[in-house]
Amino acid sequence: MALISLALSNSAPMIAEAQDAATPILGRSESAWTSTVVAEGLDYPWDIVLGGERLILTEKAGSVVTVAGGELQRHTLETSHPLRTEGGAGLLGIALAPDFASSGRAFFYYSYVASSGPANRVVSAVFDGGAWRETGILIDGIPGHRLYNGGRIAIGPDGHLYVTTGWTENYDLPQDPDSMAGKILRVTLDGAVPADNPFPGSKVYSYGHRNPQGLAWSPAGELFVSEHGQSALDEINRVEPGGNYGWPEIQGDETRDGMKAPFAHSGRSTWAQSGIAFAGEELLVAALQGKGLYVLDGANRSLKPVFETGERYRQVLPVGSDLFVITTNRSPRGQGASNDSLIRLSPAG
């Protein structure tokens with residue numbers, strides 16, 4: 181166990197009261213928020229979830245970080261294969277099992293080297309109070325890449341596990357129904373194919389994706405996915421089972437029979453959005469290139485700024501009335517320390 185630099189606000193509890201649904205985030209000025217650095221000195225954090233009163237983060241190099249009770253602890257995830265951590269690969273997404281409070285069970289997405297080359301997998305793991313240990317493999321052999329691995333995982337309202345995968349810079353794979361690259365996958369919490377998946381016997385839920393890094397469900401149960409475009413035209417997609425989202429055949433406002441256009445896209449600008457989350461009816465978007473937190477303006481199919489600090493925002497987690505964000509300030513193409521933070525945004529006043 182290792183402790184790293186920690187700064188906790190003394191002016192507010194770690195977990196705030198429920199968000200006031202009558203106060204929408206869209207339209208608030210940046211001055212409506214107070215920013216507090218909860219923890220600093222993080223090393224390329226990639227995902228964040230809430231486990232009871234604990235915030236649990238992944239770090240790309242293989243650590244699972246817990247923030248609770250004024251203390252920060254870091255444990256290594258013990259895996260069956262060594263992690264592959266070059267570029268944007270490594271320990272990426274985390275999802276807690278519904279019975280996490282009693283079982284200590286969670287799911288992780290990580291990169292490794294298979295006999296066929298770079299790959300990714302989804303595993304189950306258990307925290308026993310002293311260490312995280314891999315206990316089983318749910319999905320194996322997801323094609324990997326130095327940069328394009330997808331990596332977000334989340335349990336949907338239906339109780340199944342959803343997984344985003346990257347296209348691996350292979351133009352054939354996103355449209356190949358037999359490949360797991362460039363897809364949204366859907367499996368049971370045991371790794372089996374649900375009987376109602378759109379393609380019988382297949383883990384594929386949707387296809388034609390480039391590098392999706394965000395998953396979130398609206399209160400109405402609609403699945404939204406964020407993904408990076410080639411050099412612009414970053415997308416927010418509203419995903420339907422069996423849908424083809426076009427990559428690499430179409431992007432932006434282009435159309436083709438049998439392919440779905442994005443709900444919103446960045447045009448010639450670049451958001452490089454990563455994690456997304458709903459706060460009530462509003463979709464929040466953490467942006468890397470956009471260097472800030474944004475909210476989707478559904479009426480205009482565009483993103484509007486919520487808070488900007490000049491840092492690359494990787495993921496957002498609404499908790500009560502607060503919004504927690506993690507930064508990833510080093511590009512996956514860069515070298516050296518990332519020097520990242522966990523930041524809490526609280527309503528001012």
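First residue of the sequence shown: 181, per the working numbering; consecutive thereafter. Even glycine gets a Cβ: it sits at the ideal position worked out from N, Cα and C.
Span separating the alpha-carbon of residue i from that of residue j
i, j, result
"S521", "I506", "6 angstroms"
"M360", "G330", "11 angstroms"
"I523", "L464", "15 angstroms"
"W427", "A441", "10 angstroms"
"T132", "E314", "Residue numbering for the chain in the displayed model covers 181 to 529; residue 132 lies beyond these limits and cannot be assessed."
"D358", "F379", "10 angstroms"
"A201", "L503", "Low confidence applies here, because A201 scores a pLDDT of 46, under 50, leaving its location unreliable and the question unanswered by this model."
"S291", "L237", "17 angstroms"
"S185", "W347", "Low confidence applies here, because S185 scores a pLDDT of 41, under 50, leaving its location unreliable; read the following figure in that light. C-alpha separation (whole angstroms): 36 angstroms."
"G316", "S304", "5 angstroms"
"K240", "S386", "26 angstroms"
"A294", "G242", "18 angstroms"
"N300", "S411", "24 angstroms"
"A334", "F280", "14 angstroms"
"G310", "P278", "21 angstroms"
"K471", "S449", "13 angstroms"
"R481", "E266", "35 angstroms"
"D356", "G388", "8 angstroms"
"G514", "D227", "19 angstroms"
"W312", "D352", "37 angstroms"
"S518", "V217", "16 angstroms"
"G232", "G438", "43 angstroms"
"R254", "T508", "17 angstroms"
"L318", "A372", "8 angstroms"
"T259", "S211", "44 angstroms"
8 angstroms Cβ cutoff met for residue i and residue j
i, j, result
"G409", "E402", "no"
"A275", "V247", "no"
"H340", "P374", "yes"
"Y328", "I364", "no"
"T214", "S526", "yes"
"Q431", "R332", "no"
"G542", "F307", "Since the first and last residues shown for the chain are 181 and 529, residue 542 lies out of range."
"V245", "L222", "yes"
"A452", "L468", "yes"
Residue range of the unbroken alpha helix (DSSP H) whose run includes residue i
i, result
"A281", "280-283"
N- and C-terminal bounds of the beta strand (DSSP E) containing residue i
i, result
"A219", "213-222"
"K484", "482-487"
"F443", "Looking at the DSSP string, F443 is not in any beta strand (DSSP E), and its letter there is neither H nor E."
"H255", "251-258"
"Q515", "Neither: Q515 is in no beta strand (DSSP E) and is coded neither H nor E."
"I430", "Neither: I430 is in no beta strand (DSSP E) and is coded neither H nor E."
beta-carbon residue i near the ligand MN non-hydrogen atom, thresh 7 angstroms
i, result
"V419", "In terms of ligand content, the structure shown is empty, and the ligand MN therefore cannot be addressed."
One or two residues paired with residue i in a DSSP bridge
i, result
"W397", "L403"
"T265", "Its beta-bridge partners do not exist; DSSP assigns none."
"G297", "A294"
Would you call the region 484-504 and the region 420-430 touching, i.e. three or more CB-CB distances under 8 angstroms? no
The region 441-451 touching the region 389-401, judged by at least three CB pairs closer than 8 angstroms: no
So, does the region 494-510 touch the region 452-460, judging by three or more C-beta pairs under 8 angstroms? yes
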